[in-house]
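*Asks:*
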Amino acid sequence: MDKIVVRKSGPLQGEVKISGAKNAALPILVTSLLVNGENTYHNVPGLQDVESVKQLLTTLGARVHTDGHTVKIDGSGINQTKAPYDIVRKMRASILVLGPLLARMGKAKVSLPGGCAIGARPINLHLKGLARLGASIELKHGNVEAEVSQLIGNDIYFDVPTVTGTENLMMTAVLAKGETILRNAAREPEIIALADALNKMGAKIEGAGSSVISIKGVSALSPAEITIIPDRIEAGTFMVASALTRGDIKIVDCEPDHMRGIIHKLGLTGANIQIEGRTIRVKGPDVISSVDVKTLPYPGFPTDMQAQFMVLMSVAKGYCVISETIFENRFIHVSELRRLGADITVSGNSAMIKGSQALSGAQVMATDLRASASLILAGLVAEGSTEINRVYHLDRGYEGIEKKFGQLGADIQRLRE
Ligand code: EPZ
Numbered sequence: 204m205d206k207i208v209v210r211k212s213g214p215l216q217g218e219v220k221i222s223g224a225k226n227a228a229l230p231i232l233v234t235s236l237l238v239n240g241e242n243t244y245h246n247v248p249g250l251q252d253v254e255s256v257k258q259l260l261t262t263l264g265a266r267v268h269t270d271g272h273t274v275k276i277d278g279s280g281i282n283q284t285k286a287p288y289d290i291v292r293k294m295r296a297s298i299l300v301l302g303p304l305l306a307r308m309g310k311a312k313v314s315l316p317g318g319c320a321i322g323a324r325p326i327n328l329h330l331k332g333l334a335r336l337g338a339s340i341e342l343k344h345g346n347v348e349a350e351v352s353q354l355i356g357n358d359i360y361f362d363v364p365t366v367t368g369t370e371n372l373m374m375t376a377v378l379a380k381g382e383t384i385l386r387n388a389a390r391e392p393e394i395i396a397l398a399d400a401l402n403k404m405g406a407k408i409e410g411a412g413s414s415v416i417s418i419k420g421v422s423a424l425s426p427a428e429i430t431i432i433p434d435r436i437e438a439g440t441f442m443v444a445s446a447l448t449r450g451d452i453k454i455v456d457c458e459p460d461h462m463r464g465i466i467h468k469l470g471l472t473g474a475n476i477q478i479e480g481r482t483i484r485v486k487g488p489d490v491i492s493s494v495d496v497k498t499l500p501y502p503g504f505p506t507d508m509q510a511q512f513m514v515l516m517s518v519a520k521g522y523c524v525i526s527e528t529i530f531e532n533r534f535i536h537v538s539e540l541r542r543l544g545a546d547i548t549v550s551g552n553s554a555m556i557k558g559s560q561a562l563s564g565a566q567v568m569a570t571d572l573r574a575s576a577s578l579i580l581a582g583l584v585a586e587g588s589t590e591i592n593r594v595y596h597l598d599r600g601y602e603g604i605e606k607k608f609g610q611l612g613a614d615i616q617r618l619r620e
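For any residue, its number in this note's numbering is found by taking its place in the sequence shown, counting from 1, and adding 203.
1) If you reduce the DSSP assignment to three classes, tell me which class D571 lands in.
2) Return the first residue and the last residue of the beta strand (DSSP E) that M294 is part of.
3) Rounded to the nearest angstrom, how far is the Cβ of I359 from that of A379, given a contact under 8 Å?
4) Is S422 helix, strand or coil by DSSP?
5) Does the Cβ of R599 have 16 or more other Cβ atoms within 10 Å, making it buried, or fewer, making it exposed?
6) Excluding the five sequence neighbours on either side, which residues of its own chain have a C-beta within less than 7 Å of the C-beta of A396, listed in chain order?
7) For S492, which residues does DSSP report across the bridge?
8) Tell me which residue opens and which closes the beta strand (DSSP E) that A554 is part of.
9) What does a CB cutoff of less than 6 Å around K486 pick up in its chain, not counting 5 residues either side in sequence?
10) Does the Cβ of D190 have 16 or more other Cβ atoms within 10 Å, making it buried, or fewer, making it exposed?
11) Are M508 and G558 close, meaning C-beta to C-beta below 9 Å?
12) When you compare the CB positions of V313 and V347, do they come within less than 9 Å of one another, or not?
13) Should A323 be counted as a contact of ligand 1 given a C-beta to heavy atom distance under 8 Å?
14) Distance check for A388 and V421, CA to CA, integer angstroms please.
15) Could you pull out every residue in the same chain whose Cβ sits closer than 7 Å to the Cβ of D489, ignoring the five residues on either side in sequence?
16) Any contact of the stretch 564-571 with the stretch 531-551, i.e. 3+ C-beta pairs under 8 Å?
17) Comparing alpha-carbon positions, which option in N357, S339, G381 and H329 lies nearest E350?
18) Using CA atoms only, rank isn't needed, just tell me which of A545, L562 and A561 is closest to A554.
19) For the alpha helix (DSSP H) containing Q258, name the first residue and the last one.
20) Looking at the structure shown, is N371 part of a helix, part of a strand, or coil, going by DSSP?
21) What distance in whole Å lies between the Cβ atoms of V594 and K206, which are believed to be in contact at a cut-off of 8 Å?
22) How long is the line joining the alpha carbons of A581 and F512, rounded to whole angstroms?
23) Measure the CB-CB distance between G612 and G587 and report whether it falls below 9 Å.
24) Considering Cα atoms alone, identify which of R481, R292 and S413 is closest to A438.
25) Given the structure, does G161 come close to ligand 1, in the sense that its CB is under 8 Å from one of the ligand's heavy atoms?
26) Apply the 10 Å Cβ neighbour rule to M373 and answer buried if 16 or more other Cβ atoms are within range, or exposed otherwise.
27) So, with DSSP's three-state summary, where would you put L232?
28) Does the separation of the CB atoms of A286 and L304 fall below 9 Å?
29) Whole angstroms is fine: what's the gap from T234's alpha carbon to H467's?
30) Is the Cβ-Cβ distance between R390 and S413 less than 9 Å?
31) Can you tell me where the alpha helix (DSSP H) holding V443 begins and where it ends?
32) Taking buried to mean at least 16 other C-beta atoms within 10 Å of its own C-beta, is A561 buried or exposed?
33) Just to confirm the assignment, what range does the alpha helix (DSSP H) spanning Q477 have?
34) So L330 is in the alpha helix (DSSP H); what residue range does that whole segment cover?
35) Spatial neighbours of A323 within its chain, please: CB distance less than 6 Å, with the 5 preceding and 5 following residues excluded, ordered by chain position.
36) Could you give the distance in angstroms between the alpha-carbon of C457 and the alpha-carbon of K220?
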């Protein structure tokens, strides 16, 4: 397995171009299951998770052609309805094919995604929603087996706003008979991006981005050309890197309007943030102020930025509390940050961080995607060198991260094993 070695680096400076958003690309590529023709997708990020979803779609009978960041997928030949375990276990988001397969083929068999490092990650709300549209759902031998003769639109309420649950049901309802209303729907920019993509294919979706989404079923969708929105979490990660290292970084090709929570909290730490169109310039402060953060569903502060922000708070001046309200086990990075000298005390879903002046490099273990990025950030300011193992987590969600950090002046290298 590869490892990444980061050494204490000076202020990061320069420009970094943000890639397409992983969490927009995954559901949007799956829309190819709904179309009897070829969709073209631009600005698709080069990520392991994207490779996994392309492999899954190919297994189901789609024809996938990749040319750099443009991916063409022809869903005319979909002839399988089973998503195999060996792909689902690598990427939980495979559950996103459940609804579209049901809508296209009338049945679907998807291996139940297990939990992951950050939590149990149940899919009960996905399944309840599909049942509300008339599907019969069975859990057998570790698979979800769904079947329906005709999907009928209905009123669906989510106990909690679930991102992939909203996406799964939206993609299913577009081919149902009649109107579906999703209530307490997730409001993330990736939901709006998916609705925009489906509407370009002829769907009739209104209200995406609000907590009530209306989907009027249509008989068929037509091929379209879609461009994936920028990754707000990648952009946020580089914003934190600049604040952390007293840097001066221009983050280009991002969407500031998707990042208001991150921008607000980072501004309170003393970072100087200038926004100009699709560019955000972040200058790090001489002294980083401690700021309390609570992760919440969008538009609240994103849980996917919690670990990165914790690193910044670990070297801030003062005390703060970070509360994680989305996932029940998303403090795994705390023990790794402690190995680097961070002073963090966890109690339930809150972490109290006492800003300390010096972290010191050590061998650490990446445990999940965003926690891995936080270890790179910590390595940038820790004395000596930090060796990060299991970097395959990183490759799932960050395109060429060591190259991007290296171009900003970070002392970072990947050791292939
Ligand atoms: C999506 O996961 C993202 N993944 C996650 O990003 C992100 O952290 C998360 O949304 C929250 O923003 C993708 O979009 C591929 P949820 P998802 O369903 O959809 C509970 C990353 O690093 N819940 O919004 O799986 C659940 O337990 C990843 O890119 C149910 O109880 O998250 C959690 O507490 C990590 N039942 C809460 O809802 C359900 O059926 C929010 O989860 C579904 C969810």
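For each residue, glycine too, the CB sits at the ideal point set by N, CA and C.
*Replies:* If we stick to the structure as given:
1) coil
2) Counting along the chain, M294 falls outside any beta strand (DSSP E), and DSSP gives it neither H nor E.
3) Not quite, the Cβ-Cβ distance comes to about 11 Å (not below 8 Å), so this is no contact.
4) coil
5) buried
6) A227, I231 and I432
7) K520
8) S553 to K557
9) D451 and N475
10) In the structure as shown, the chain starts at 204 and stops at 620, and residue 190 therefore has no counterpart that could be examined.
11) no
12) yes
13) yes
14) 21 Å
15) R449
16) yes
17) S339
18) A545
19) Q251 to T262
20) helix
21) 6 Å
22) 10 Å
23) no
24) R481
25) The structure shown does not extend to residue 161, since the chain is modelled only from 204 to 620, so the question has no answer here.
26) buried
27) helix
28) yes
29) 34 Å
30) yes
31) R435 to L447
32) exposed
33) Looking at the DSSP string, Q477 is not in any alpha helix (DSSP H); the run it does join, the beta strand (DSSP E), is N475 to E479.
34) N327 to R335
35) none
36) 8 Å
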